[in-house]
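By the count of the numbering used here, the sequence shown reaches residue 428 at its end, each step adding exactly one.
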Amino acid sequence: MLHAASRRVLSERHAALFLSVFGALVCGTPSTPATQAAEPPPVQEVIPGIEVLLSDSLHLVRGQRVGIVTNHTGRDRRGTSSIDLLHRAPGVRLTAIFGPEHGVRGTERDGVRIASSFDSATGVPIHSLYGATRTPTPRMLANVDVLLYDIQDVGARVYTYVWTMALAAEAAKKSGKRFIVLDRPNPIRADRIEGGVLEARYKSFTGLHPVALRYGLTPGEMARYLIGAKLIDAEVTVVPLKNYRLSMWWDETRLDWRNPSPNIRDLDAALLYPGTVFFEATNINEGRGTEAPFKLIGAPWLTDAGAIALELNAKRIPGVRFDSTSRRIGPNAKFNGRTIPMIRITVTDRDAMRPVELGAHMLRAIYARHPREFKWESNGIERLSGSRALRQAVQSGEIEELIERWGRESISFRKEVAGFRLYR
Numbered sequence: 005m006l007h008a009a010s011r012r013v014l015s016e017r018h019a020a021l022f023l024s025v026f027g028a029l030v031c032g033t034p035s036t037p038a039t040q041a042a043e044p045p046p047v048q049e050v051i052p053g054i055e056v057l058l059s060d061s062l063h064l065v066r067g068q069r070v071g072i073v074t075n076h077t078g079r080d081r082r083g084t085s086s087i088d089l090l091h092r093a094p095g096v097r098l099t100a101i102f103g104p105e106h107g108v109r110g111t112e113r114d115g116v117r118i119a120s121s122f123d124s125a126t127g128v129p130i131h132s133l134y135g136a137t138r139t140p141t142p143r144m145l146a147n148v149d150v151l152l153y154d155i156q157d158v159g160a161r162v163y164t165y166v167w168t169m170a171l172a173a174e175a176a177k178k179s180g181k182r183f184i185v186l187d188r189p190n191p192i193r194a195d196r197i198e199g200g201v202l203e204a205r206y207k208s209f210t211g212l213h214p215v216a217l218r219y220g221l222t223p224g225e226m227a228r229y230l231i232g233a234k235l236i237d238a239e240v241t242v243v244p245l246k247n248y249r250l251s252m253w254w255d256e257t258r259l260d261w262r263n264p265s266p267n268i269r270d271l272d273a274a275l276l277y278p279g280t281v282f283f284e285a286t287n288i289n290e291g292r293g294t295e296a297p298f299k300l301i302g303a304p305w306l307t308d309a310g311a312i313a314l315e316l317n318a319k320r321i322p323g324v325r326f327d328s329t330s331r332r333i334g335p336n337a338k339f340n341g342r343t344i345p346m347i348r349i350t351v352t353d354r355d356a357m358r359p360v361e362l363g364a365h366m367l368r369a370i371y372a373r374h375p376r377e378f379k380w381e382s383n384g385i386e387r388l389s390g391s392r393a394l395r396q397a398v399q400s401g402e403i404e405e406l407i408e409r410w411g412r413e414s415i416s417f418r419k420e421v422a423g424f425r426l427y428r
């Protein structure tokens, strides 16, 4: 359920908007001449949930023992970490920090188990949620009254942060603790939904519940949906963003970019990720070990990368261009130490681009030319894509039929989440 505090914060914003519009009508704002184009309203800097909490809603945590699930992306506009902000906030006792995959500092590789420790600046214990447990235990929460969540996500189901949020929300309710999401933007637009919905039999920590691959929600909206759809047993208060619109790209928020994980290094990588992540489930390198993860795709046997790039360009896939190159692969990646041919993806029109469809087209183009060399890694593609449909379409060539199916699932999911929106 959405608590009264969230409704109060939101209602104040709506009231201010109404008064500004009503005042303009009463005062008779001069109309713009028909021959003169109206100037667009100035873009305001988006204010993240942590700042809204400390400036407008401190009553939610004042006098409380506070725990926070966060990492290096939990910061205010000046770059100060949410940990430090809460540690020095008047009347707030920061008693526990919980770190997700990649750790509190965001430096660990994907899939690496992380040990618990202490924060060097504050002395507060850090409990790892990507080690012995992925759920806060009653013992971890014993010294906590309110559990906050403040992590920047990338808007893809297979990115694990939202599932850490879901598990933390359930654990908080079981232990009788309040749970608050400090909202952050969806960097690849919160009005775009794409890809298939996860089938229950393929659930894993890269997808615990049936949501679309590119799900088009902020963390706060996702929490509201998971609870409202009864997918998790939890309660949440969302401290919303200020000045945020669903159609915003990250660079339109005026917030500084910080890599949400080591291999998502810019907005284009975040946008491509929901599609090129499919290559993690194959024997093809997805750009890890290069300067451009998720923007370079290659394998030692992909000697016809140039021809495949031309073939993909001929398909006129919206918003992208392909060309061939080669890279020496660094450590901790497929084919490390080898120089391999690769296909480079360049985003040319981010508004037109549909990354999940792009990933399907690339898989098919490579498989069609290399059916013997191409290998799937166990059932990883089912976990990433959400069903067996992608594997079957790549092998049969029925990509357009798959895209039509995904379109139907995306439309259905859009309708399901509509009632849990916080922004326009």
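We put the CB at the ideal spot given by N, CA and C, even for glycine.
May I have the straight-line CA-CA distance separating residue i from residue j, to the nearest angstrom?
i	j	result
residue 389	residue 171	22 Å
residue 360	residue 64	39 Å
residue 312	residue 393	23 Å
residue 152	residue 419	28 Å
residue 231	residue 329	46 Å
residue 422	residue 382	35 Å
residue 415	residue 424	15 Å
residue 27	residue 59	Since pLDDT at residue 27 reaches only 34, below the 50 mark, its modelled position is unreliable, and the value read off the structure follows with that caveat. Rounded to whole angstroms, residue 27 to residue 59 spans 26 Å at the Cα level.
residue 173	residue 212	14 Å
residue 280	residue 84	32 Å
residue 322	residue 308	23 Å
residue 410	residue 326	24 Å
residue 115	residue 318	37 Å
residue 285	residue 169	25 Å
residue 56	residue 131	26 Å
Beta carbon of residue i, beta carbon of residue j: below 7 Å?
i	j	result
residue 222	residue 190	yes
residue 101	residue 72	yes
residue 158	residue 227	no
residue 148	residue 69	yes
residue 398	residue 371	yes
residue 301	residue 347	yes
residue 293	residue 233	no
residue 150	residue 272	no
residue 94	residue 134	no
residue 220	residue 236	no
residue 188	residue 52	yes
DSSP beta-bridge partners for residue i?
i	result
residue 346	302 and 329
residue 198	218
residue 253	192
residue 59	For residue 59, which the question treats as bridged, DSSP gives no partner whatsoever.
residue 79	85
residue 160	218
residue 426	According to DSSP, which records beta bridges pairwise, residue 426 is partnered with nothing at all.
residue 206	For residue 206, which the question treats as bridged, DSSP gives no partner whatsoever.
residue 265	268
Note the first and the last residue of the continuous beta strand (DSSP E) segment covering residue i.
i	result
residue 100	97-103
residue 67	From DSSP, residue 67 is part of no beta strand (DSSP E); its letter is neither H nor E.
residue 116	No beta strand (DSSP E) holds residue 116; DSSP gives it neither H nor E.
residue 131	129-132
residue 243	241-243
Tell me which residues share the same chain as residue i and place their Cβ nearer than 6 Å to its Cβ, disregarding the 5 neighbours each side in the sequence.
i	result
residue 278	160, 217, 218, 359 and 360
residue 264	77, 156 and 158
residue 386	206 and 392
residue 183	151, 173, 176 and 240
Spatial neighbours of residue i within its chain, please: CB distance less than 8 Å, with the 5 preceding and 5 following residues excluded, ordered by chain position.
i	result
residue 515	Since the first residue shown for the chain is 5 and the last is 428, residue 515 is missing from the structure and cannot be characterised.
Output the boundary residues of the alpha helix (DSSP H) element that contains residue i.
i	result
residue 403	403-421
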